[in-house]
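Peer 1: Residue numbers (this note's numbering), protein chains in the order written: chain A, 9 to 422; chain B, 2 to 431.
The beta carbon of each residue, even a glycine, is placed where N, CA and C say it ideally should be.
For reference, the structure I am asking about is given below.
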């Protein structure tokens, strides 16, 4: 059970505080309700580029990082399809430093041309390092547009192409900031060795004076139901063939989400999971194989990824995977199997409660999608899933005509 | 309320490092047993460490394959049964190792320990290395290696260690594809027999420890002198003379170049070691470091750059690593050496040194935040036969550092001519 207090400032900023006195540290986490799904298709990668620019100095604080380091802290951020999230972890006695730097950049950035120029280059190098100069690195860039035809999930947070980042202008940057970086579009969580009433005072002091801003209403095109299986073949200079299979799923807020998540656990959680045992250990058609559920706010996907074992053809591997999927589509999982994954859900809750950073991010995400109190309800929702629920979602979501398959062929250069 | 947003709120830093004292005992058969009480959840991590690291292997891949296969089947259980039991109880089992040690670590809710400890005992005493699991493991390691051999980062790193420590030294030698043909299941059984036993084992536990745990551990690991033949023989390897050079591995198709710039250094007990740790942070050990500020935040050549100072028992090394846009490789090397020169020639400004100290002091505190961090920090010093006193000495050294002392260290340790440079990426034309 994670106890917390929630406040809302007059400018619309939601503040959540969770006290944990077992640590000398505190985490301040600021989630902005802006992700790559909110981008213009012609200017993709912008939310993420913007995350980098947030470290380029703000209107009153020339360096964001230096005061945090001076306070014995460390900080980082990430951008997903749905959110941009910033956090600072530091000795709890220095928490006000975090309020100071984080509120100033919500007030306004410095917007220096130098910062834009440098961070454009840094992000282009990130694009290369993680997606282009890596074997299999461009998989996700090719898979997403196969699954999504109209929804902005069809591009990854890094962007559709390097040119979109290279061409970003300072005017676009400013426009983006004032559209999306607003107290009424953000959730602030503070966890750790802090006093909730004192945190409310500090939040009011530092964030209270920032004006509410006009945030555009989100109207995203929703993906139509997929009615025909899709395939894509890629040839790359990689040493081993790889196989990817994705099915569109539901939004995180949908009641089916919990059963789907447990279905993906049945398939892939731990070495005792079905895909690993059947296809890696016993049949040896894959050398590695995993599956995961994307927990997005709009319908996400269930993705199985594997590398083929030596001498195995795509046809053999795919047929073996289909046979496993057929089992979950046609037969109830065993009582023991369901109990196993539910036990893991409960254990993982206990493990995750050990980290104040994890709790800060998780509280913020729950507040965004329905209310922070859900953090204490999710385990019950998982425990309520039945074997029949798992069979039903497997039949509903893993229908053959909803399959998207990416064949990543090894074509070594001579 | 008017606030002046240009003024930093005051910050406070701890004047001393507070660490719990691990309790040292011995199981009935003499195995050293360390326990660290910490955390608010009913969870315990139990780590068994064996002197069975790669230092002790006589074939490549042997140490790692042995520890990785210990959970994959025993006399009584198949690998499928073992993994099902662990997963059923929501537990995690990890294997790992350093040059000297191999480790197997169980993280579990306390309530499941009575069920899981017998499994852990069964694995470390009666691992059976089934032929089919062995074959699968070797095949997968080989595939991983094929993939890694396409990554400039990996290619550069392999060559770096080879040139730093020599091909014949365990620190310098990486596995080659043909090594996968030379290893058999019998080698693992032999290594298991010779390296895993009462006399090579240490145990560290951390978490909200049940009073009964000590008794359970004694029951499972402390009773008999299991596998009395196991020992960790004294081995020594000649380390050739180190010759700094510039080595370029041409990868014309790569869009980035992976660079390693490094040298040998001393072991942890050398007088300069602790001071070098702070010089390392200043140079490339945190996001505000000289290298990040210059190569990433000023030039935009890279997504990341950093330096690390590592020590094994007999020798250490210091390395700057980065992947940069291919066209910036030479400029990056020049800038790294320019930063060395600045550190040799200009005293670090007081404000910057204070920031490094404060950051490092916060990091050191973080090493002790929670049971998993505590266990990890303890294992890191245990290998060097030290205790948490090491971190206290490091903390004191950090607080006492002066600009003059740092410059003097840089003059002795950051000379360009002492550093090896290895680049994997498109080689620029002449």
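#1: Give the interface partners of residue 278 (chain A) over in chain B, defined as CB-CB distance under 7 Å, in chain order.
#2: What residue does the beta strand (DSSP E) around residue 304 (chain B) start on, and which one ends it?
#3: State the beta-bridge partners of residue 38 (chain B) as determined by DSSP.
#4: Let me see if you follow: with CB-CB separation under 8 Å, is residue 141 (chain B) close to chain A or not?
#5: Any C-beta of chain A within less than 8 Å: which residues of the region 269-295 of chain B qualify?
#6: With a floor of 3 residues, list each beta strand (DSSP E) that falls wholly inside the region 171-209 of chain A, ordered by position along the chain.
#7: Let me make sure I understand the geometry here. Which of A:316, A:350, A:325 has the alpha-carbon closest to that of residue 278 (chain A)?
#8: Say whether the region 195-207 of chain B touches the region 31-51 of chain B, bearing in mind that this needs 3 or more beta-carbon pairs closer than 8 Å, one atom from each stretch.
#9: If you drop the 5 nearest sequence neighbours on each side, which residues of the same chain put their C-beta closer than 8 Å to that of residue 258 (chain A)?
#10: Are there 16 or more other CB atoms within 10 angstroms of the CB of residue 261 (chain A), so buried, or fewer, so exposed?
#11: Between the region 321-340 of chain B and chain A, which residues of the former have CB atoms less than 8 Å from a CB of the latter, in chain order?
#12: Using 8 Å as the limit for Cβ to Cβ distance, is residue 304 (chain B) near chain A?
#13: Measure the C-alpha to C-alpha separation of residue 392 (chain B) and residue 21 (chain B) and round it to an integer number of angstroms.
#14: Whose C-alpha, out of B:164, B:395, B:303, is nearest the C-alpha of residue 334 (chain B)?
#15: By DSSP, does residue 197 (chain B) sit in helix, in strand, or in coil?
#16: Below 8 Å between beta carbons: does that hold for residue 293 (chain A) and residue 325 (chain A)?
#17: What number of angstroms, rounded off, separates the C-alpha of residue 190 (chain A) from the C-alpha of residue 305 (chain B)?
#18: Could you check whether residue 215 (chain A) and residue 322 (chain A) sit closer than 8 Å to each other, using their CB atoms as the reference points?
#19: Can the beta-carbon of residue 135 (chain B) be found less than 8 Å from the beta-carbon of residue 189 (chain B)?
#20: Check this for me: beta carbons of residue 101 (chain B) and residue 314 (chain B), under 8 Å apart or not?
#21: What residue from A:46, A:197, A:274, A:418 has the CA that sits closest to residue 36 (chain A)'s CA?
#22: Using three-state DSSP, classify residue 294 (chain A) as helix, strand or coil.
#23: Measuring straight from C-alpha to C-alpha, what distance separates residue 373 (chain B) and residue 207 (chain B)?
#24: Please check the pair residue 184 (chain B) and residue 60 (chain B), which I expect to be a contact at CB under 8 Å, by giving their CB distance rounded to whole angstroms.
#25: Taking 8 Å as the cut-off, decide whether the C-beta atoms of residue 414 (chain A) and residue 154 (chain A) are in contact.
#26: Helix, strand or coil, according to DSSP, for residue 84 (chain A) in the structure here?
#27: Using the three-state DSSP reduction, which class does residue 319 (chain B) fall into: helix, strand or coil?
#28: Taking beta-carbon pairs under 9 Å, can you tell me which members of the region 38-51 of chain B lie near chain A?
#29: Helix or strand or just coil, what does DSSP make of residue 304 (chain A)?
#30: Output, in chain order, the set of chain B residues within a Cβ distance shorter than 9 Å of residue 101 (chain A).
#31: Residues of chain B with CB under 9 Å from residue 335 (chain A), in chain order?
#32: Taking Cβ positions, are residue 108 (chain B) and residue 89 (chain B) nearer each other than 8 Å?
#33: Taking a cut of 8 Å between CB atoms, which residues from the region 288-319 of chain A lie near chain B?
#34: Can a CB atom of chain A be found closer than 8 Å to the CB of residue 128 (chain B)?
#35: Based on Cα-Cα distance, which residue from B:307, B:228, B:179 lies nearest to residue 146 (chain B)?
#36: Note down the Cα distance separating residue 339 (chain A) from residue 286 (chain A), rounded to an integer number of angstroms.
Peer 2: In this structure, then:
#1: Ordered by position in chain B, the residues that pass the 7 Å Cβ test against residue 278 (chain A) are 84, 88.
#2: For residue 304 (chain B), the enclosing beta strand (DSSP E) has its first and last residue at 303-312.
#3: For residue 38 (chain B), which the question treats as bridged, DSSP gives the partners B:208.
#4: Residue 141 (chain B) counts as touching chain A.
#5: Correct list: 287, 288, 289.
#6: Fully enclosed beta strand (DSSP E) runs of 3 or longer: 194-200.
#7: Selected option, being the one with the closest Cα: A:350.
#8: They touch, by the three-pair rule.
#9: 264, 265, 268, 307, 308, 405, listed in sequence order.
#10: Exposed, since its Cβ has fewer than 16 Cβ neighbours within 10 Å.
#11: Here the close residues are 324, 325, 326.
#12: Closer than 8 Å to the CB of residue 304 (chain B) there is at least one CB belonging to chain A.
#13: Taking the straight line joining both Cα atoms gives about 12 Å.
#14: Residue B:303 holds the alpha-carbon nearest to the alpha-carbon of residue 334 (chain B) among B:164, B:395, B:303.
#15: Three-state result, residue 197 (chain B): coil.
#16: For residue 293 (chain A) and residue 325 (chain A), yes; Cβs fall inside 8 Å.
#17: Residue 190 (chain A) and residue 305 (chain B): Cα-Cα distance of roughly 30 Å.
#18: In this structure, residue 215 (chain A) does not lie closer than 8 Å to residue 322 (chain A) by Cβ.
#19: In contact: residue 135 (chain B) and residue 189 (chain B) (Cβ atoms closer than 8 Å).
#20: Using a Cβ distance threshold of 8 Å, residue 101 (chain B) and residue 314 (chain B) count as a contacting pair.
#21: Comparing Cα positions, the closest option is A:197.
#22: Look at residue 294 (chain A) here: in three-state DSSP terms it is strand.
#23: C-alpha of residue 373 (chain B) to C-alpha of residue 207 (chain B): approximately 7 Å in a straight line.
#24: Residue 184 (chain B) to residue 60 (chain B), Cβ: 6 Å. Contact.
#25: Against a cut-off of 8 Å, the Cβ pair of residue 154 (chain A) and residue 414 (chain A) comes out as a contact.
#26: Three-state DSSP puts residue 84 (chain A) in a strand.
#27: Three-state DSSP puts residue 319 (chain B) in a strand.
#28: Listed in chain order, the positions of the region 38-51 of chain B with a beta carbon within less than 9 Å of a beta carbon of chain A are 39, 40, 41, 42, 43, 44.
#29: Three-state result, residue 304 (chain A): coil.
#30: Under a criterion of Cβ atoms nearer than 9 Å, the residues of chain B adjacent to residue 101 (chain A) are, in order, 12, 13, 14, 15.
#31: At a C-beta separation below 9 Å, residue 335 (chain A) has no neighbours in chain B, since its nearest C-beta there lies roughly 17 Å away.
#32: No, the pair does not count as a contact, with Cβ atoms beyond the cut-off.
#33: Residues passing the 8 Å Cβ filter: 288, 289, 292, 295, 296, 315, 317, 318.
#34: Cβ-Cβ to chain A under 8 Å: no for residue 128 (chain B).
#35: Nearest to residue 146 (chain B) by alpha-carbon distance, out of B:307, B:228, B:179, is B:179.
#36: Computed Cα separation, rounded: 16 Å.
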